[in-house]
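Okay, so the sequence shown: first residue is 1 according to the UniProt record's numbering, each after it adds one.
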Amino acid sequence: MSFVIAAPEVLATAAQSIEAVGTTLNAANAAAAASTTGVLAAGADEVSAAVASIFSGYAQQYQSLSAQAAALHQSFVQTLTASGGAYASAEAANAAQAVENSVLGVINAPTQALFGRPLIGNGANGTAASPNGGAGGFLFGNGGNGFSFTSGATANGGNGGEAGLIGSGGAGGNGFDGGAGGAGGRGGWLLGNGGNGGAGGSLAAAGIAGAGGAGGAAPLFGWGGNGGAGGFAPAGTGGTGGAGGASSGVGIGGAGGAGGSGATGGDGGAGGAGNGPLFGVGGAGGAGGAGDATGGAGGAGGDGTGSLFSLGGDGGAGGAATGLSGAGGDGGGGGNAGGVSGYSQAGAGGVGGVGGTVSGSGGTGGSGGLGGTTGVLLGVAVAGDGGLGGVAEFAGTGGAGGTGAALVGMGVGGLGGIGGFGSTAGGAGGSGGQGAALVGPAFGGAGGFGGDSLAGTGGNGGDGGDAGGLLSFAVAGDGGNAGAGGVLANGGNGGNVGVISDGTFTPALFGNGGNGGNGINGGTGGTGGTGGILIGNDGANGSS
1 MSFVIAAPEV
11 LATAAQSIEA
21 VGTTLNAANA
31 AAAASTTGVL
41 AAGADEVSAA
51 VASIFSGYAQ
61 QYQSLSAQAA
71 ALHQSFVQTL
81 TASGGAYASA
91 EAANAAQAVE
101 NSVLGVINAP
111 TQALFGRPLI
121 GNGANGTAAS
131 PNGGAGGFLF
141 GNGGNGFSFT
151 SGATANGGNG
161 GEAGLIGSGG
171 AGGNGFDGGA
181 GGAGGRGGWL
191 LGNGGNGGAG
201 GSLAAAGIAG
211 AGGAGGAAPL
221 FGWGGNGGAG
231 GFAPAGTGGT
241 GGAGGASSGV
251 GIGGAGGAGG
261 SGATGGDGGA
271 GGAGNGPLFG
281 VGGAGGAGGA
291 GDATGGAGGA
301 GGDGTGSLFS
311 LGGDGGAGGA
321 ATGLSGAGGD
331 GGGGGNAGGV
341 SGYSQAGAGG
351 VGGVGGTVSG
361 SGGTGGSGGL
371 GGTTGVLLGV
381 AVAGDGGLGG
391 VAEFAGTGGA
401 GGTGAALVGM
411 GVGGLGGIGG
421 FGSTAGGAGG
431 SGGQGAALVG
441 PAFGGAGGFG
451 GDSLAGTGGN
461 GGDGGDAGGL
471 LSFAVAGDGG
481 NAGAGGVLAN
491 GGNGGNVGVI
501 SDGTFTPALF
511 GNGGNGGNGI
521 NGGTGGTGGT
531 GGILIGNDGA
541 NGSS
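So this is what it looks like as structure tokens:
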């Protein structure tokens, strides 16, 4: 690079010359000081003394001003020297950068020519003319982000670029005027997170807003990208949330995007699956969007599968109904979990959305999501709990608990979800999930309590989950109590010791049946469950 406004070596030479001038002036001033600052009087009279004093005073003032000028001179020399050094350092850095770019250019040239992609370096971000982000380098580099449109006609966001061996995927661009969000780019094959999906574009006119983009996958070490949120549609239907990206190695599946709000809420996106050789964790489902007439459903949780440790993602909550007589969205189901051994726990179902609360044709609360199912060959399997029912005039039903099964180990069924509170009718509690183990303890999930009602009918309690196995001691789940209200409601039945398979109940040898739930206001109490054939007690009946 040629020098345009400054040459460091010229500045250094000028500083040395100016410093030499200052040294000469200082020497001359010092030599004159002795003879000029102390002038002797020519005679003993007063006039001679006054003349000598005047000349000496001028000389002293000159020496004082010369000292100040010397200090300023030295400061100027130091500044000039430092400026030359700064210019030299900057030029050295520019030269090093040029060398680095030159080296990378040589390294990247073959792959750039053959594949249109560098070996090392980040991918280019998308543009209006080319919305998709570029791919990162084959070895190192993040994918470029997709382009987000902000004006013009309906347009989808650009997709994020993928990474190479190591790097993160680019984020998807946002959609515009009802366009879909772009998908996130894939993370590095060895290390890196998937890119997040772009948000769907909002839509002012009637219709369906843009869906959120899906999150990018993470192949080995990394998290899946989160799904993008759905777009807003005040006169139509909110966009669906994007699905979370999957993780196939050591990581977590991405969360699903939230559904967009609108006259009708959009559904939440599903959580990404987490399927690893040792560990697997599914992503959470996205929440449903709020809607004036109907809330959107929550997204399902992602499944988790690993040979040692597995967790299913929780389902997303249902969207609320913002109108006076709207229905809340249902909660999303919990993700399943399973593996060969170790610990496995499924995700819980999402909470049902709040419904409209005006009397008359009031809204309905969303049902709680189903708890996820889990199973292992050797270890502990815990099923997901059912989601709570939504609050409304006619409240939502609690979700059923999932089934937990282990061949050798412990199986635990999920709890039934509690019914929602309703001003006219409470929601019924969800049934408890089954717990099963061929060898080992098994526990059925308790049924959910019925939802309370302000002045109407309380919800019925959910039935307890069955539990059992060939060589296991089982404890079945208790039935849920009925919800409080002004009208009778029944308690749930206790679970039995045994397992239902293909619609056929097979009693177990050992275990205690679950107790029946209590009824209220004259409602029937639940029947106690049957105990084991050889050893065990039947459950107690619930009170009326």
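Glycine is no exception: its CB is placed at the ideal position from the N, C-alpha and C atoms.
- Annotation: G197 to V391 spans about 32 Å, alpha carbon to alpha carbon.
- Shown here for I107: same chain residues with a beta carbon closer than 6 Å to its own, the five before and five after excluded, namely L119 in chain order.
- For the pair G299 and G288, the CB atoms are nearer than the 9 Å cut-off.
- Counting only runs of 3+ residues, the beta strand (DSSP E) found wholly inside the segment 276-343 occupies 279-281, 291-294, 309-311, in chain order.
- Each of I166, G379, G143 was checked against the Cα of G160, and the nearest Cα belongs to G143.
- Around the beta carbon of V497, a 10 Å sphere encloses 16 or more other beta carbons of the protein chains shown; the residue is thus reported as buried.
- Assignment of beta-bridge partners to G498 by DSSP yields P507.
- Distance from the CA of A263 to the CA of L454, rounded to the nearest whole angstrom, comes to 29 Å.
- In this structure G313 is not in contact with G331, their Cβ atoms being roughly 13 Å apart against a cut-off of 8 Å.
- Taking E162 as the centre and dropping the five residues before and after it, the same chain places the C-beta of A135, G143, G169, G185, R186 closer than 6 Å to its C-beta, in chain order.
- With respect to A428, G464 sits apart: the two C-beta atoms are not nearer than 9 Å.
- Counting the other Cβ atoms within 10 Å of the Cβ of I535 gives fewer than 16, which makes it exposed.
- Contact between G227 and G207 fails: their C-beta atoms lie close to 21 Å from each other, not under 8 Å.
- Counting along the chain, the unbroken beta strand (DSSP E) around L407 starts and ends at 404-412.
- For V475, the enclosing beta strand (DSSP E) has its first and last residue at 473-475.
- Between A258 and G230, the beta carbon gap of about 7 Å places them in contact (Cβ cut-off 8 Å).
- Taken in chain order, the whole beta strand (DSSP E) runs of length 3 or more contained in the segment 203-246 are 233-237.
- L72 sits in a helix when the DSSP states are folded into three classes.
- Secondary structure at T150: coil, using DSSP grouped into helix, strand and coil.
- Its Cα nearest to that of N275, the residue G306 stands out among G265, G296, G306, G291.
- If you look at V439, you'll find it in the beta strand (DSSP E) that goes 435-439.
- Excluding residues up to 5 positions away in sequence, T374, A381, V382, A383, G411, V412, G413, G435 lie with their Cβ nearer than 6 Å to the Cβ of G404 in the same chain.
- Leaving aside the five residues that flank T506 on each side, the residues in its chain whose CB is nearer than 7 Å to its CB run, in chain order, G498, V499.
- Taking the Cα of D267 as reference, the smallest distance to any Cα among G238, G175, T13, F279 is reached at G238.
- Spatial neighbours of G254 in its own chain (CB-CB distance under 6 Å, excluding positions within 5 residues in sequence) are listed in chain order as G215, G224, G225, N226, G244, G245, G272, G283.
- For G152, the number of other beta carbons within 10 angstroms of its own is below 16, and it is reported as exposed.
- Using a C-beta cut-off of 8 Å, the segment 440-449 makes contact with the segment 473-493, since at least three inter-stretch Cβ pairs fall below that distance.
- Among the bridge pairs identified by DSSP, T374 is matched with A337, G404.
- Annotated as proximal: G417 and A400, with beta-carbon spacing under 9 Å.
- For the pair G172 and G192, the CB atoms are not nearer than the 9 Å cut-off.
- D303 counts as buried, since at least 16 other C-beta atoms from the protein chains shown sit within 10 angstroms of its C-beta.
- From the listed residues G256, G328, L415, the smallest Cα separation to G291 is found for G328.
- Residue range 392-394 is occupied by the beta strand (DSSP E) that includes A392.
- The straight-line gap separating the alpha-carbon atoms of G175 and S261 is approximately 16 Å.
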